[in-house]
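Novice: The sequence shown runs contiguously to residue 135 in full-length UniProt numbering. Each residue gets a CB set at the ideal place from its N, CA and C atoms; glycine is no exception.
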Amino acid sequence: MENGSLDKYLYDKNKPFLHWPQRYNIIKGVASSLLYLHEEWEQIVIHRDIKASNVLLDGQMNGRMGDFGLARLYDHGTVAKTTHVMGTMGYLAPELIRTGKATPLTDVFAFGVFLLEVACGVDQSAAGRTTHKQC
Numbered sequence: 001m002e003n004g005s006l007d008k009y010l011y012d013k014n015k016p017f018l019h020w021p022q023r024y025n026i027i028k029g030v031a032s033s034l035l036y037l038h039e040e041w042e043q044i045v046i047h048r049d050i051k052a053s054n055v056l057l058d059g060q061m062n063g064r065m066g067d068f069g070l071a072r073l074y075d076h077g078t079v080a081k082t083t084h085v086m087g088t089m090g091y092l093a094p095e096l097i098r099t100g101k102a103t104p105l106t107d108v109f110a111f112g113v114f115l116l117e118v119a120c121g122v123d124q125s126a127a128g129r130t131t132h133k134q135c
């Protein structure tokens, strides 16, 4: 994608600042992607690694999901058979850590963390290693 990944715009001081309308548009694009992956495609796709570095920006700064290396597919009406906890710490739903079962709801939890990341500019994958910034 022309503008690379979203994390560069959130954390690289050499990149232009993203204004709220741009951030909102990026968030809408990611939400639309998740809706399609979870409900509208012929199978359910669980991404399992939603975070700013996996959101790619096109020439108009629209957000698109990328990096499907951890994604899992399963048929509608069936239960996912994953038992390994995969993803990035800081974005993992508590029930995923407890049971090892990824579902669309665990992606929704990660999307919520992603929303905070975009709004506050705090990298959740590094949050435990650094001092916390107040949002």
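Which residue wins for smallest C-alpha separation from G4, given the options M89, L115, G112 and S53?
Specialist: The option with the nearest alpha carbon to G4 is S53.
Novice: Helix, strand or coil: which one does DSSP assign to Y91?
Specialist: Three-state result, Y91: coil.
Novice: To which residues does DSSP link G63 through a beta bridge?
Specialist: Per DSSP, L57.
Novice: If you follow the alpha helix (DSSP H) that L35 is in, where does it begin and where does it stop?
Specialist: Counting along the chain, the alpha helix (DSSP H) containing L35 begins and ends at W20 to L35.
Novice: Taking the alpha carbon of W41 as the reference point, which residue from S32, A119 and K8 has its own alpha carbon closest?
Specialist: Nearest option by C-alpha distance: S32.
Novice: So what's T131 in DSSP terms, helix, strand or just coil?
Specialist: With a pLDDT of 48 at T131, under the threshold of 50, the predicted position of this residue should be treated as unreliable, though the coordinate-derived value follows. If DSSP states are grouped into helix, strand and coil, T131 belongs with coil.
Novice: Is there at least one Cβ from chain D nearer than 7 Å to R98's Cβ?
Specialist: In the structure shown, chain D cannot be found, because there is only a single protein chain.
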